[in-house]
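Peer 1: Quick note, this note's numbering runs 406 ahead of the 1-based positions in the sequence shown.
Take this structure first; my questions come after.
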Amino acid sequence: MRLKQALLIVTYILLPFIVLAQPKSKPAFRLVPLGVLGGIDESNLSAYMLAATGTQQYICFDAGTLHYGIQKAVANKTFQVPGDKVLRQYIKGYFISHAHLDHIAGLIINSPEDSSKNIYGLQGTIETIKTHYFTWASWANFADQGETPALKKYRYKVLYPGTETPIENTQLKVQAFPLSHSNLTSTAFLVQSNDDYVLYLGDTGADAIEKSTNLQNLWQAIAPLIKTKKLKAVLIEVSFPDEQPDKTLFGHLTPHWFMTEMDKLAALTGPAELKGLNIVVTHLKPPANSITRIKAQLKTANQLQLNLVYPVQGKALNF
């Protein structure tokens, strides 16, 4: 009996240290920003490579900047291989949120040097790429549909909201959600690896400004994943500081409108569930003083204690 009591006492004393010593769970995803800004800097426009940890099977969310971003990643030793191998072999497909040039210019310009792969998007996005970019009047038709001759390097893959789609040549799956971006439909991509998820939002305005329920619908879809700690990160834009008038947001968020949307999400999950949630802030628009104001305003408004992350071109993040 004394021996059992002694063991219980020792266990009680050591248990907190045993718990503290448990290794942290390994990251599920590796994210490599190739371009992080909105606006006029063509060398640093929206593009994010994502892979399941331990693989080189990347997808690319948008493709505003490819070549320069890959070169920055190689220079930072994020990749240990030449840039052309990253472009041709590591990127398995492109997920284009909408067809504005700052989200697709890198894909178009790099197409002659790229390898065969898929371009994923909603029907409207694919149609714009097909009829305005990969045409012989504007560039060349490197895709498998549209103007003849079709060079068939890229294959268009239309995504349908509410349908989970396996991503070819990866272990990943994706669901697409429509977003409101002024007079255009943008897209959010929810990517799954086993039981873990990352959410990427293309350009979007707040529901109240856009007279939409698209973000509310998205928050309802991801709330259960937040409650179960399966959602590892959210990539979402904040383009302008709060001084920007609502009438000239053109389908973008400010710190105020971003936090308004996060409050709506918190109403679904409970505020405590959002504490520490990784929020990768994308699409900040120059000039530098505007970006500084955006960051300061987000810090002040962050009553939910979100983990706000500001990606750096060419430097990997793990979630």
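We put the beta carbon where it would ideally sit given N, CA and C, even for glycine.
Check for me: the alpha helix (DSSP H) holding GLY530 runs from which residue to which?
Peer 2: 529-534 is the extent of the alpha helix (DSSP H) around GLY530.
Peer 1: What are the start and end residues of the alpha helix (DSSP H) that includes ARG699?
Peer 2: 694-707 is the extent of the alpha helix (DSSP H) around ARG699.
Peer 1: Take LEU621 and list the residues in its own chain whose beta-carbon comes closer than 6 Å to its own, dropping the five residues that flank it on each side.
Peer 2: Excluding sequence neighbours, LEU621 sits near ASP613 and GLU667.
Peer 1: Are ASP601 and LYS636 closer than 7 Å when you measure CB to CB?
Peer 2: Against a cut-off of 7 Å, the Cβ pair of LYS636 and ASP601 comes out as a contact.
Peer 1: For the stretch 553-602, list the beta strand (DSSP E) runs that are entirely contained and at least 3 residues long, ordered along the chain.
Peer 2: DSSP runs (the beta strand (DSSP E)) wholly in the stretch 553-602: 560-564, 579-587 and 590-599.
Peer 1: Excluding the 5 residues flanking THR534 on each side, which residues of the same chain have their C-beta closer than 6 Å to its C-beta?
Peer 2: Only ALA505 meet the Cβ criterion.
Peer 1: The alpha helix (DSSP H) that contains VAL442, what's its start and end?
Peer 2: That residue, VAL442, is in no alpha helix (DSSP H); it is neither H nor E in DSSP.
Peer 1: Put ASN512 into one of helix, strand or coil per three-state DSSP.
Peer 2: According to the sequence as given, residue 512 is Gly; it is not Asn. Residue state, collapsed to three classes: helix.
Peer 1: Can you give me the Cβ contacts of ALA549 inside the same chain, cut-off strictly under 8 Å, excluding the 5 residues immediately before and after it?
Peer 2: Answer for ALA549: ILE525, ILE535, LYS536, PHE540, ALA556, LEU557, LYS558, LYS559, TYR560, ARG561 and TYR562, listed in chain order.
Peer 1: Evaluate contact between the stretch 583-593 and the stretch 498-515, counting only Cβ atoms and requiring at least three cross-stretch pairs below 8 Å.
Peer 2: In short, these stretches touch, since the Cβ pair count reaches three.
Peer 1: Helix, strand or coil: how does DSSP classify ILE525 here?
Peer 2: It is a strand residue.
Peer 1: Please report the distance separating the alpha-carbon of ASN575 from that of VAL718.
Peer 2: If I take the Cα positions, the gap works out to 27 Å.
Peer 1: Just mark SER544 as buried or exposed, buried being the case when its beta carbon has 16 or more other beta carbons within 10 Å.
Peer 2: Burial call: exposed.
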